[in-house]
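Residue numbers (our numbering): 37 to 179.
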């Protein structure tokens, strides 16, 4: 079995985790520092979700900052990897479910399936799956 994902040498899954983590931190810093600029200029049609609320944008920025920091931490610190990925995965999956719900009920146009795929749905599905895989590998190596 290829155990490169949980060894000291990161495999593709962990590089993906680092990429999502750094991207989440960058997104968070933009949300915190320039919420209106983020709202109007992120190429994901954010105004479709409702009127601008700087407090709300910054709150979500804080969540992205925490999730991103946990993902970066998980990349570097093996012993903490599973809980950090699991916690980040909960936020990212919940975020994806909110987007899916709003698109399914018609609050967002069908174009949001594609707009949200790289930054919302892919991380929201992949990070929890990676967390689960690492959990299973940890259990197998401890038995």
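We put the beta carbon where it would ideally sit given N, CA and C, even for glycine.
Suppose contacts are defined by Cβ-Cβ distances below 9 Å. Is residue i in contact with residue j by that definition?
i, j, result
"residue 68", "residue 86", "no"
"residue 164", "residue 122", "yes"
"residue 88", "residue 75", "yes"
Where do the ends of the alpha helix (DSSP H) carrying residue i lie?
i, result
"residue 108", "90-112"
"residue 56", "48-69"
"residue 80", "It is not in any alpha helix (DSSP H) - residue 80 carries neither H nor E in the DSSP assignment."
Here's the rule: buried if 16 or more other CB atoms are within 10 angstroms of the residue's CB, otherwise exposed. What is residue i?
i, result
"residue 113", "exposed"
"residue 159", "buried"
"residue 95", "exposed"
CA-CA distance, residue i and residue j?
i, j, result
"residue 166", "residue 133", "18 Å"
"residue 171", "residue 120", "11 Å"
"residue 41", "residue 102", "Summary for residue 41: the model assigns pLDDT 44, below 50, so the residue's position carries little reliability, and this model does not support an answer."
"residue 198", "residue 117", "The structure shown does not extend to residue 198, since the chain is modelled only from 37 through 179, so no value can be given for it."
"residue 46", "residue 111", "8 Å"
Is residue i near the ligand NAP, going by C-beta to nearest heavy atom under 8 Å?
i, result
"residue 147", "No copy of the ligand NAP occurs in the structure displayed, which carries no ligand at all."
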